[in-house]
């Protein structure tokens, strides 16, 4: 892989990357959604304007940006999640395009999705060319059938790959070595290596035509991000019953949209914990009550006391880990534990872009993102920084909530239990990108 | 450049649109401190490159300015400008900021620097710029201050400068006192108020109140550095000058016009405020106030955002260096925290208790005790049984076994041996500390010094690689040669380095300017050092000053020598122990004058009264003194008749004077006379006669005499010992018969009177 590919320092993209990194570092961009959107915009820019001759170079470039972003703020996992997602889409598009290119030498291949010959019984969406094209080209054997049926999505393809590996097919071994390696496969197939070179060179000429496709793919990601709240909220009716009393805290946009959507069909009461020291609960309570929802604002200290009257706890997430645990605004752990004590269900509403292919982040002491003491003891006092001298203040912004405290994740793509998160993550990202 | 050219600034930073609104925000950093507080550490590098949490102060400053959306930075260097240039060449900030180094060897003060800036005309004349006096660490968005300044300027063109003021924080020996009109944010008066020697008085020029009397005086406020202890503002810190100014182009221009402006505060601010000709105004901006007002707005934004902080601190001296390091480690400057946005680019791991350990090859022993907040730089190694407490260690340091480091700031590449104790000090780069060394608190060890085995560095010592260079360095070469040997021997044979004279005994530098700076007073300078306790020093100095005030030095000496003072030792402390000796002398002289020159009683009384007021002596002392004087003038020669005649004539002439000093109770005249007789043996037998003389001359009336007779004091009550009481009783015995006689006689007279009256009435 051309992982060493980096942007030249005078490249405008390098400057954009640096700008995003510094604003992440300086916490000028915070919040998973904002970070995800900013990252997607940056990658889109890179794809549009950066110079790259092969797809590996592009992937390496994007990965290097991802590394920089994670260094800039390791707590904003959404940035790398989005990068992984984009990487996967690029690979998919590329495979499709390359396959089409191989089928029909004329360079018009990558643009129109339905160029590839349709196989009877193949239900794959149009952009999954890899399966159809390669099958037709190189696998007329029994392997073809199994692949055809299983390649309806990417994860399934990996399945088939494993099967093929087991069956000992040399070609498939190579396939598994590099998922984006139509060319390498060419190499190893008893054909002249010249063809490969010709192919890649020829293909490079058309990479300009591939670009719009890639950009379009990223735009889809952005569109998906922008509609996350609505998509999550769609299922609100199914999760909220009439005259429920729902506890929430902080100001999660997803929770807000979810509750507002739910209130169209059901009548319920929301109890909002004020969430010191950020007091984000105040703004959520204000927003909900101005929407007509009966809202009660309580101090955090009353969470446990009010839980017997609560029927459900709905929380937002900052990042969801592969084990089903999650990082959420500090105080969420208190809610979740109290709910556990009183056997109330805890529902997490979140977009899937917050799912991170990592599970052990909470081992790191600093993972909960400690803030300055100013918001806790104020800055107008007499002492260090304005607070009280000699007082050590610990102010984590996040809590880590263990998977066993959560009953359900409501996401923009269906509802899942914590134990299933790893599966979703596996499907969403390419294995190669887990480590950027 | 056409003013309306609106091309994207990012693409071509050099051809930025010259539109007034979009002009890049400029900042000027004064890299030189123009004082000598860090001198021992700065022998081969400028102050701005001293590492705080192993990152140069300049990097922190640039990062803080970047947070404030500053685009163009001018670093104004004095000495070591090459080092600053080299740093900027290699720093990552050269990509994000337009940094220019301006160097000048001639600038000796902030005023000089501004004059040179004015000459260079690099600043955008249309727009205000940020002037940073000392390296700052801040998470506050200073551009908010710039916005506020622009708004104020729209209303009043005369605001040429806005000074940043912070509320809360520690006391600092350099906090000013400001007279402010908060609604308009206008600064009316600025006084530097050093903590020591404390100035009990503050004078505010009367023209502020007189022409014309300000109608809005109710809204004036005095902002001082002392934390308010009143109930309303309980727990509130004082106000402090942040050393961050928003200046218009007028400021450098004014500095050029007035070449005697050196210090920005003492000269410039006071100059502008007191000059009516200029008519310019200076505003103050309370950092954090806009956030308080915009509570609602703040709620909407994410609190984690880097623009939410209000922490602004500057490194002025070793004291603030230590304080700010600890603040950074306690994450006050968040998001500028070592684990997260460290300007130096070193990666740190945060552990419980604000312990920051570099991710790069730090070796900690299993028996190392770490108590935070502390920071350990990359590739440092701590041997077993080391104890690190609230300190920072730079990169590549090694610490020997059983060494204790407490509240110290150790720069890069320092080797520390075994069994050392290092407390509250700053150890420069490349220092080698051998085994068993004890470094006292407040010590500053310059770069490259070597401390031999078993060296004991005294508290607040300064040790440099090079010899101390006072102002008259060249001329005193020979003298210093000897001095140098002394210093070397005191440090031990293996040591390389020179003990510098203590900061407070350092001769005042040549410029008179420094001498008149109240902050540079040796006592205040002492407080600026690392390791000094403000609470102790200030409280003791305050109590000392009140003591010395109460005992008003002169008097204490005089009264000790005074025979009249019965309590010589404690006399100065108690205000009720009677007047000073001067009073008695003055009073005697005044009376003698009156007696000899035959003054009128009224005039003599007036003179005495003035004296009493002036010396705060009190009536009793005065009356006693007057009686004493006149009684001593009575001739005791001859028989009773002679004495009676003399006494009567004396008191008929001067009785009024005595009476005028006994307005509360005339009986006291008798008692004082008795007292005088008791004290003077020769008068004892004549007391009755003198009483009669007093009566005859109408100095004292019959009723008062009867009161005297019946009072317990006259019988010797309240005297100290038996002998004295006997004396009193003896004298009383002399006086009593006269009064008894008088009483009976008087009652007869009364009867006669009554009869007469009856007759009259008839």
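Residue numbers (the UniProt record's numbering), protein chains in the order written: chain A, 1 to 436; chain B, 1 to 762.
Cβ atoms here follow ideal geometry from the backbone N, Cα and C, with glycine treated the same way.
Determine the extent of the beta strand (DSSP E) in which residue i is found, giving its start and end residues.
i                      : result
residue 770 of chain B : It is not possible to answer for residue 770 of chain B, since the shown part of chain B is limited to 1 through 762.
residue 312 of chain A : 312-316
residue 221 of chain B : 221-223
residue 500 of chain B : 498-500
residue 464 of chain B : 462-464
residue 192 of chain B : 186-192
residue 416 of chain A : 414-416
residue 389 of chain B : 387-389
Just list the residues that DSSP pairs residue i with in beta bridges.
i                      : result
residue 162 of chain B : B:246, B:283
residue 319 of chain A : A:327
residue 349 of chain B : B:357
residue 100 of chain B : B:74
residue 398 of chain B : B:381, B:415
residue 239 of chain B : B:167
residue 430 of chain A : Bridge partners of residue 430 of chain A: none, in fact.
Taking only the alpha-carbon atoms, compute the straight-line gap between residue i and residue j and give it to the nearest angstrom.
i                      : j                      : result
residue 665 of chain B : residue 170 of chain B : 57 Å
residue 631 of chain B : residue 642 of chain B : 14 Å
residue 275 of chain B : residue 610 of chain B : 42 Å
residue 335 of chain A : residue 405 of chain A : 10 Å
residue 628 of chain B : residue 745 of chain B : 29 Å
residue 224 of chain B : residue 201 of chain B : 13 Å
residue 375 of chain A : residue 466 of chain B : 46 Å
residue 285 of chain A : residue 268 of chain B : 51 Å
residue 259 of chain B : residue 327 of chain B : 38 Å
residue 110 of chain A : residue 96 of chain B  : In this predicted model, residue 110 of chain A has a pLDDT of only 43, less than 50, meaning its place in the structure is not dependable; the value taken from the coordinates is given anyway. Those two C-alpha atoms are separated by around 39 Å.
residue 706 of chain B : residue 686 of chain B : 19 Å
residue 365 of chain B : residue 49 of chain B  : 31 Å
residue 294 of chain A : residue 32 of chain A  : 28 Å
residue 332 of chain B : residue 347 of chain B : 19 Å
residue 84 of chain B  : residue 415 of chain B : 26 Å
residue 736 of chain B : residue 688 of chain B : 7 Å
residue 80 of chain A  : residue 39 of chain A  : 8 Å
residue 378 of chain B : residue 455 of chain B : 28 Å
residue 329 of chain B : residue 383 of chain A : 15 Å
residue 126 of chain B : residue 154 of chain B : 13 Å
residue 192 of chain B : residue 123 of chain B : 29 Å
residue 648 of chain B : residue 694 of chain B : 6 Å
residue 67 of chain B  : residue 240 of chain A : 44 Å
residue 15 of chain A  : residue 379 of chain A : 35 Å
residue 135 of chain B : residue 314 of chain B : 6 Å
residue 426 of chain A : residue 357 of chain A : 8 Å
Taking 7 Å as the line, does the beta carbon of residue i fall inside it for any heavy atom of the ligand HEM?
i                      : result
residue 157 of chain B : This structure lacks the ligand HEM; in fact it carries no ligand of any kind.
Just to confirm before moving on: does the CB-CB distance between residue i and residue j stay below 8 Å?
i                      : j                      : result
residue 372 of chain B : residue 355 of chain B : yes
residue 348 of chain A : residue 317 of chain A : yes
residue 423 of chain B : residue 441 of chain B : yes
residue 446 of chain B : residue 43 of chain B  : yes
residue 321 of chain A : residue 344 of chain A : no
residue 128 of chain B : residue 80 of chain B  : no
residue 177 of chain B : residue 280 of chain B : no
residue 268 of chain A : residue 236 of chain A : no
residue 77 of chain B  : residue 109 of chain B : no
residue 318 of chain B : residue 528 of chain B : yes
residue 213 of chain A : residue 93 of chain A  : yes
Could you spell out the range, first to last residue, of the alpha helix (DSSP H) harbouring residue i?
i                      : result
residue 273 of chain B : 270-274
Tell me, please, whether the CB atom of residue i is closer than 8 Å to any CB atom in chain C?
i                      : result
residue 392 of chain A : No chain C appears in the structure shown, which is made up of the protein chains A and B.
Whole alpha helix (DSSP H) elements within the segment 50-74 of chain B, 4-residue minimum
For the segment 50-74 of chain B, whole alpha helix (DSSP H) runs of length 4 or above, ordered along the chain, are 57-67.
Unbroken stretches of the beta strand (DSSP E), 3 residues or longer, contained in the segment 97-151 of chain B:
Correct list: 98-103, 129-132, 136-138.
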